[in-house]
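Enquirer: Position in the sequence shown (from 1) plus 403 gives the number in the working numbering. Every residue gets a Cβ at the ideal spot worked out from N, C-alpha and C, and that includes glycine.
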Amino acid sequence: MYQQDFDKIRPLNDNEINTVLNRLTKNPFFYQVISNYFPQSDYKEIINNLNNTHSVFDFQRNFMYKIIEKILASTSNEVSISGIENLSAAIPYLFISNHRDIVLDSAILQKNLFDNNFPTTEIAFGNNLMDVPLISELGSANKMFIVKRGGNIREILKNSTVLSSYIRYVISEKKTSVWIAQRNGRTKDGNDKTEIAVLKMLNLSGKKSAKKNILELNITPVSISYEFEPCDSEKVKEIYCSKNEKYEKKTGEDTSSIIKGIKQYKGKIHLAFCNTLSEEIINTFSKSSNAEFFKELAEHIDYQIVTNFKLWTNNYIAYDLLENTEKYKDKYSEKEKINFLKYKNEGLSRINGNKDELSRLFLKLYANPLLYNPVSSQ
């Protein structure tokens, strides 16, 4: 794979970042970004610091970290993590995560890695989200690389091969960890399922057997859960509309989802680092065919993500309402149930459609982590 192919998707290097930051600070939209998180009296100092930043690390430490910290302080009342004690800062991992929010899933991971003296990761980011120059340049400065989507069969295969080779290069040669979502796009219904196509893509760049190719990547599933699902009503609307006809996103809808996900109240958040796939585990998967191997690999990742997904009061309330039961009534109070119903009704009031069906979809979004959890459902 030629370096020129990587150059089309890779994030910025240290020797490139200062030029981009100097351009960013002249963008009027950039002031709208910082105005949400910093007082006007700090603008001059922030701009001066950015204009004199010459490394990705300094940009992340002095700017992005503070932004994420302020977002979480204003939209969350608790962020907890588990499993990081099983990782080594000296080992590059491929973190395969469930995907609930466009930006925050990976941003919260970066902050927690930084807080625990781990290097940050490179981040896979869809090219559909890079249409806005400000987002594109901020993303590239923040170690995001582009996942090219769409195209004809030949283009899809080429883009997948380049992406696979780049991820393997970052992990095996740059010795840097990578974050990638388990699927194309966010989970809209609360059912976290790994797309087998993602795993097959990772194998494209390997020179050995599928098992050895996968083992080399140090795959570590990650499970993130939010007490209040980012963009929950918008996700319900998309599912509802797509039941009757193909859902076509409007221009700027992804950008709106990014902003809404950042600003919306999220309550408690938990980030779980699951067990890294070991050779012992991988050897238990099917030896009969690659198709069966990838199916079992996806099922294992799903099991790790679902069983490590921290369940909140809202999940239990939604389950009982959806199933018309009191199975989990000891997990919440009547006041919490009333507050959740009020929250649901307020969110759905902005959507046109059958209210009963919209309510069912909203409840499923919150109940599915329980419905699909093999431990909780027993």
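(1) Check this for me: beta carbons of VAL535 and THR658, under 7 Å apart or not?
(2) Taking only three categories from DSSP, how would you classify HIS703?
(3) Rounded to the nearest angstrom, how far is the Cβ of GLY554 from that of ASN562, given a contact under 8 Å?
(4) Just the Cα atoms here: how many angstroms apart are MET467 and GLN513?
(5) Grab the span of the alpha helix (DSSP H) containing SER477 for me, first residue to last.
(6) Counting C-beta neighbours from all protein chains within 10 Å, is the total for PRO414 16 or more, i.e. buried, or is it exposed?
(7) Can you tell which of PRO431, GLN463, GLN435 has the C-alpha that lies nearest to the C-alpha of ASN416?
(8) Among PRO777, ASN776, ASN748, which one has its Cα closest to the Cα of ARG763?
(9) Once you ignore the five residues that flank TYR746 on each side, which residues in its own chain have a CB closer than 6 Å to its CB?
(10) So, for SER485: in the same chain, excluding its five sequence neighbours on each side, which residues have a beta-carbon less than 6 Å away from its beta-carbon?
(11) Where does LEU618 sit, in a helix, a strand or coil, going by DSSP?
(12) Counting only runs of 3+ residues fully inside the segment 546-593, write out the beta strand (DSSP E) ranges in chain order.
(13) Taking a contact to mean a Cβ-Cβ separation below 7 Å, would you say PRO495 touches LYS578 in this structure?
(14) Under 8 Å by Cβ, that's how I've got LYS591 and LYS638 pegged, so tell me the actual separation to the nearest angstrom.
(15) Specify the secondary structure class of THR597 as computed by DSSP and reduced to three states.
(16) Do three or more CB pairs link the segment 757-776 to the segment 713-726 at distances below 8 Å?
(17) Between THR623 and the rest of its own chain, which residues show a CB-CB distance below 6 Å, the 5 nearest in sequence each way excluded?
(18) Is the separation between the beta-carbon of TYR569 and that of LEU761 shorter than 7 Å?
(19) Looking at ASN519: is its Cβ nearer than 7 Å to the Cβ of ILE487?
(20) With DSSP as the reference, please indicate the residues paired to ILE484 in a beta bridge.
(21) Identify whether THR422 lies in helix, strand or coil by the three-state DSSP scheme.
(22) Look at the alpha carbon of LEU620 and the alpha carbon of GLY593, and state the distance between them as a whole number of angstroms.
(23) Closest to ALA600 by C-alpha separation, out of LYS610, TYR735, SER660, ASN693, would be which residue?
(24) DSSP on PHE696, reduced to helix/strand/coil?
Expert: Let me lay it out:
(1) If you number the sequence shown from 1, residue 535 lands on position 132. If you number the sequence shown from 1, residue 658 lands on position 255. Taking 7 Å as the Cβ cut-off, VAL535 and THR658 qualify as a contacting pair.
(2) Stepping through the sequence shown from its first residue, residue 703 is reached at position 300. DSSP places HIS703 in helix when its eight states are reduced to three.
(3) Numbered from 1 along the sequence shown, position 151 holds the residue referred to as residue 554. Numbered from 1 along the sequence shown, position 159 holds the residue referred to as residue 562. With 8 Å as the limit, GLY554 and ASN562 qualify as a contact, their Cβ atoms being about 7 Å apart.
(4) One-based indexing of the sequence shown puts residue 467 at position 64. One-based indexing of the sequence shown puts residue 513 at position 110. Those two C-alpha atoms are separated by around 10 Å.
(5) As a working note, residue 477 is residue 74 in the sequence shown. Looking at the DSSP string, the run of the alpha helix (DSSP H) that includes SER477 is 468-478.
(6) For the purposes of this step, residue 414 is taken as the residue at position 11 of the sequence shown. Classification of PRO414: buried, given that the 10 Å Cβ count is 16 or more.
(7) For this step, residue 416 is matched to residue 13 along the sequence shown. Among PRO431, GLN463, GLN435, the Cα nearest to that of ASN416 is on GLN463.
(8) Sequence index remark: in the sequence shown, residue 763 carries index 360 (1-based). Answer by Cα proximity: ASN748.
(9) Within the sequence shown, residue 746 is the residue found at index 343, counting from 1. Result list for TYR746: empty, nothing under 6 Å.
(10) Here the question's residue 485 lines up with position 82 in the sequence shown. These residues qualify, in order along the chain: ALA675.
(11) Translated into the one-based positions of the sequence shown, residue 618 becomes position 215. Reduced to three states, the DSSP call for LEU618 is helix.
(12) 547-550, 581-584
(13) As a working note, residue 495 is residue 92 in the sequence shown. As a working note, residue 578 is residue 175 in the sequence shown. Their beta carbons are under 7 Å apart, which means PRO495 touches LYS578 by this criterion.
(14) As a first step, residue 591 is located in the sequence shown; it is residue number 188 there, counting from the start. As a first step, residue 638 is located in the sequence shown; it is residue number 235 there, counting from the start. The Cβ separation is near 4 Å, so the contact holds.
(15) Residue 597 sits at position 194 when you count from the first residue of the sequence shown. In the structure shown, THR597 sits in coil (DSSP, three-state: anything other than H, G, I, E or B).
(16) yes
(17) Position 220 of the sequence shown holds residue 623. Cβ within range, chain order: TYR496, PHE498, THR679.
(18) On the sequence shown, residue 569 is found 166 positions in, with the first residue counted as 1. On the sequence shown, residue 761 is found 358 positions in, with the first residue counted as 1. No; because the gap between Cβ atoms is not below 7 Å, this pair is not in contact.
(19) Here residue 519 refers to the residue found at position 116 when the sequence shown is read from its first residue. Here residue 487 refers to the residue found at position 84 when the sequence shown is read from its first residue. In this structure, ILE487 lies closer than 7 Å to ASN519 by Cβ.
(20) Your numbering for residue 484 matches position 81 in the sequence shown. For ILE484, which the question treats as bridged, DSSP gives the partners LEU674.
(21) Start at 1 with the first residue of the sequence shown, and residue 422 comes out as number 19. If DSSP states are grouped into helix, strand and coil, THR422 belongs with the helices.
(22) Locating residue 620 in the sequence shown gives position 217, where the first residue counts as 1. Locating residue 593 in the sequence shown gives position 190, where the first residue counts as 1. Between LEU620 and GLY593, the C-alpha separation is close to 27 Å.
(23) Against the sequence shown, residue 600 aligns to sequence position 197. It is ASN693 whose Cα lies nearest to the Cα of ALA600.
(24) Here residue 696 refers to the residue found at position 293 of the sequence shown. DSSP places PHE696 in helix when its eight states are reduced to three.
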